[in-house]
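Below you'll find the structure, written out as structure tokens, and then a few comments.
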Amino acid sequence: MIVTHELRKSFPAQRKLFRPAGPATDAVDGLSLSIPPGAVTGLLGLNGAGKTTTIKVLATLLRPTSGSVTVDGLDVVDHAREIRRRINLIAGGERMVYARLTGRENLWYFGQLYDVPRAVLGTRIDELLELVGLTDAAGTLVERYSRGMRQRLSIARGLINAPAYLLLDEPTLGLDAPIARDLRAVVANLARDGVGVLLTSHYLAEVEQLCGHVYVVDHGRLVAEGSPTALTAGTRLPHTVELTLAEHAPAVSAAVAALGAEFEVGVDTEERPTFLLRSPEDLAGELATAVVRAGGAIVRLEVNPPTLEDAILAMAGTPTSVAAR
Amino acid sequence: MATALPTLRRNWLVTMRAYQWTYFVGTLATGILTVGLAYLAFHAIGGGRAGGGFAAAAGTADYLGYVTVGAAASMFTVRMVLWVAKAQITEQREGTLESQVLAPARRLPYLVGVGLQALTTTVVEVVVMLAFAIMIGVRLPAPDPVTLLAAFVAASVAVFGISVPLSAIMISVGEAHITQNTLFVAMGLLCGFTFPPAYLPDPLRWLGEALPVTSALRALRAATLDHAPLSVAAPDLLLCLALGLAYLAVGLRLLGPAERIAIQRGGSA
Ligand SMILES: Nc1ncnc2c1ncn2[C@@H]1O[C@H](COP(=O)(O)OP(=O)(O)OP(=O)(O)O)[C@@H](O)[C@H]1O
Ligand SMILES: [Mg+2]
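Protein chains in written order, with the working numbering: chain A, 1 to 325; chain B, 1001 to 1269.
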């Protein structure tokens, strides 16, 4: 289990010559989280919320300003080397591999840095190359790789020590859809095998699919936590129902208004009348019944439950973005 | 020490793929120029004789031999420092410092691996330069092999030792050029590569003695020019080793904090 208690990390302000330094940035401001083994835990928040900083502290790359972080009971500051054996970090869009080595040489070298036993290393490298789809490019210099290929190699690097905890900072950034899907399957399998995974991602579908528990942070502070469904339900955001009629029918508007929900009337690209309904409950069934009874012919009916994205935007205090949907 | 050999191999692979011939020519040119100019000055101005003061200060009248050993040692020092001290800032620039720090491997074996690979490359360069010196007629007396070997080992430790704190400075300030050139200028002035430090005022001479390269150079010259037995060079060798190891110990202590400063300064990702 990785446990953070009142974790705080502030960055000193940039010192400028002959000018007083501004205030320090509290990138992480009193976070208490736990990341259990055998599950994928999500860490969500808008840009600058402090997700990467938190992950770097957990990865022993940055030291906490105050508060504590323990990995299986070991403190990140006092037992950094022991913790480094047990964890790994995969960050999206970073150049964490050697450009002048081939893919296989990179994995070999990192395997040595992690003291992976020689008997295991060869087969593990082959398996990882296969896993990220780089078997054919294993002998090519990384400087000739595309960005997605580098990212896939970074993922293999992050798995070279068979970590007990895996920290994923936007790992699918820049990956094409099939590889991103494969990676999600890999992450789910790792969690099933007992690995504790922390995932940050701006692809919320990814988070909804993988994470049992999600922490939402804003300005370095925890604003909510729970399962993705509980978080979405908890914010009481509207379901939207969009209905398109074959042609204009005067009785329909009155019938829709009788439902008592907030709604907008419009036309689609083919000049057919549309109704957009927002309500805390899913009103699709009642709406359809009411429209048909009023003599309307339904062409299309689309129901959108609130998403985690809406919930996060709502929690981060930007209601305009929610209303825009 | 598990990291040393893989790092040696990694650097070999990289060097074989992208060896900068311009570097080779550049360093070689410096060495050759130093020896060549000394040769010209010696014959054209000095008429083939060094001043009596020189013999007293340098402990040898063989000015050309003195300068040649100095130039070879200078080349060795500069190249080794460039390889070892710049290894980590190169990682930082290429974006691999974080994956390096993320791993449990220790820094000393990593740097030893870098140093061993640097040694192989640098020795080749120095040998080529010495071959040139001999070609233009510099006569190098047969060295005492045991003393020479001991001096070579001590010099390697010394140069490795000063490279480690230098690496810490470079990654924490995120700058290599000014840092390395300051050291090179200081060493060129203080350590006796081209002229005996006896010509320097006392405070500067002491400063020079604080750099292990100074005593390494004395031992190297004793081994080559004076054919000195090990017992004669021993005090210099021990001083050089002690200083080199002290720099190394200080450097290793500084690296951890320096790496954290480097990563923190690395900006938000
Ligand atoms: N190395 C650093 N030095 C100074 N300030 C930093 C540093 N790293 C992050 N910050 C600041 O800390 C805050 C949190 O940044 P962080 O990178 O952790 O956010 P994030 O949640 O990962 O954002 P994103 O979604 O954009 O990746 C930001 O205000 C950022 O400017
Ligand atoms: Mg981030």
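The beta carbon of each residue, even a glycine, is placed where N, CA and C say it ideally should be.
Would the beta-carbon of lysine 346(A) be found less than 7 Å away from any heavy atom of ligand 2?
-> Since the first residue of chain A shown is 1 and the last is 325, residue 346(A) is not available in this structure.
Under 7 Å from any heavy atom of ligand 1, does the C-beta of alanine 224(A) make it?
-> No, the beta carbon of alanine 224(A) sits no closer than 7 Å to any heavy atom of ligand 1.
If you draw a straight line from the C-alpha of cysteine 1240(B) to the C-alpha of alanine 1151(B), how long is it?
-> Taking the straight line from one Cα to the other gives about 9 Å.
Aspartate 169(A) Cβ short of 7 Å to ligand 2 heavy atom set | Yes, the Cβ of aspartate 169(A) comes within 7 Å of a heavy atom of ligand 2.
Can we count glutamine 1264(B) as close to ligand 1, meaning its CB is less than 7 Å from some heavy atom?
-> Indeed, a heavy atom of ligand 1 lies less than 7 Å from the Cβ.
Could you tell me the distance, in whole angstroms, from the CA atom of serine 154(A) to the CA atom of alanine 1158(B)?
-> Serine 154(A) and alanine 1158(B): Cα-Cα distance of roughly 37 Å.
Buried/exposed call for threonine 1147(B), threshold 16 Cβ in 10 Å | Buried, by the Cβ-count rule.
Compare the beta carbon distance of valine 1084(B) and glycine 1115(B) with 8 Å and say whether it is the shorter of the two.
-> Valine 1084(B) places its beta carbon less than 8 Å from that of glycine 1115(B).
Just reading off the beta strand (DSSP E) that isoleucine 90(A) is part of, what are its end residues?
-> Element bounds for isoleucine 90(A): 87-91.
Which residue or residues does DSSP assign as beta-bridge partners of proline 1006(B)?
-> For proline 1006(B), DSSP assigns no beta-bridge partner whatsoever.
Go ahead and pull the three-state DSSP assignment for glycine 296(A).
-> Glycine 296(A): coil per DSSP, three-state reduction.
So what does DSSP say about leucine 1279(B), is it helix, strand or coil?
-> Missing from the structure shown is residue 1279(B); chain B here goes from 1001 to 1269 and no further.
Delimiting residues of the beta strand (DSSP E) encompassing proline 273(A) = Segment 273-279, the beta strand (DSSP E) holding proline 273(A).
Assign glutamate 302(A) to one of two classes, buried (16 or more other C-beta atoms within 10 Å of its C-beta) or exposed (fewer than that).
-> Classification of glutamate 302(A): exposed, given that the 10 Å Cβ count is below 16.
Please determine, among Met1129(B), Ala1004(B), Gln1180(B), the residue with the shortest C-alpha to C-alpha distance to proline 1165(B).
-> Here the closest residue by C-alpha is Gln1180(B).
Mapping DSSP to helix, strand and coil, what is glycine 226(A)?
-> Strand, per DSSP.
Hey, asparagine 1011(B) and glutamine 1092(B): beta-carbon distance below 8 Å or not?
-> Contact: no.
Give the secondary structure of tyrosine 215(A) by DSSP, where H, G and I count as helix, E and B as strand, and everything else as coil.
-> Correct three-state label for tyrosine 215(A): strand.
Does the beta carbon of alanine 27(A) fall short of 7 Å from some heavy atom of ligand 1?
-> Inclusion of alanine 27(A) in the 7 Å shell around ligand 1 follows from its C-beta lying nearer than that to a non-hydrogen atom of the ligand.
Exposed unless 16 or more other CB atoms sit within 10 angstroms - verdict on asparagine 161(A) = By the Cβ neighbour-count rule, asparagine 161(A) is buried, with 16 or more other Cβ atoms within 10 Å of its own.
Under 7 Å from any heavy atom of ligand 1, does the C-beta of glycine 48(A) make it?
-> Yes.
Could you name the residues of the same chain whose beta carbon sits closer than 7 Å to that of leucine 1261(B), not counting the 5 residues immediately before and after it, in chain order?
-> With the sequence shown as reference, residue 1261(B) is identified as isoleucine, and leucine is not the correct amino acid for it. Contacts found: Ser1172.
Pairing CB atoms from the region 170-179 of chain A with CB atoms from the region 32-41 of chain A, are three or more of them under 8 Å?
-> Too few Cβ pairs lie closer than 8 Å, so no.
Hey, which unbroken runs of the alpha helix (DSSP H) at 4 residues or more fall wholly within the region 1132-1179 of chain B?
-> Listed in chain order, they are 1145-1173.
Confirm the yes/no value for this check: CB of phenylalanine 1193(B), any heavy atom of ligand 1, distance under 7 Å.
-> Flag unset: Cβ of phenylalanine 1193(B) not near ligand 1.
Residue-chain proximity (leucine 308(A), chain B), Cβ-Cβ < 8 Å | Not one chain B Cβ lies under 8 Å of leucine 308(A).
Leaving out five residues on either side along the sequence, give the residues of the same chain with a beta carbon under 6 Å from the beta carbon of alanine 324(A).
-> Because the pLDDT of alanine 324(A) is 36, which lies under 50, any placement of that residue in the model is unreliable, and the question is left without a value.
For aspartate 115(A), which three-state DSSP category applies?
-> Three-state result, aspartate 115(A): coil.
On the three-state DSSP scale, how would you describe glutamate 262(A)?
-> Assignment of glutamate 262(A) by DSSP, reduced to helix, strand and coil, places it in the strand class.
Please report the Cβ distance between tyrosine 165(A) and valine 142(A), rounded to the nearest whole angstrom; I am assuming they are in contact, meaning their Cβ atoms lie under 8 Å.
-> With a Cβ gap of about 26 Å, tyrosine 165(A) and valine 142(A) do not count as contacting.
What does a CB cutoff of less than 6 Å around valine 292(A) pick up in its chain, not counting 5 residues either side in sequence?
-> Closer than 6 Å at the Cβ level, and outside the excluded window around valine 292(A), lies no residue.
N- and C-terminal bounds of the alpha helix (DSSP H) containing isoleucine 384(A) = For residue 384(A) there is no data in the structure shown, the boundaries of chain A being 1 and 325.
Go ahead and pull the three-state DSSP assignment for glycine 67(A).
-> It is a strand residue.
Residues in its own chain within less than 6 Å of leucine 168(A) by CB, not counting five upstream and five downstream?
-> These residues qualify, in order along the chain: Ile90, Leu199.
If we cut at 8 Å on Cβ distances, does proline 1006(B) have a partner in chain A?
-> By this cut-off, proline 1006(B) is an interface position.
First and last residue of the alpha helix (DSSP H) that includes isoleucine 35(A)?
-> No alpha helix (DSSP H) holds isoleucine 35(A); the beta strand (DSSP E) holding it covers 25-35.
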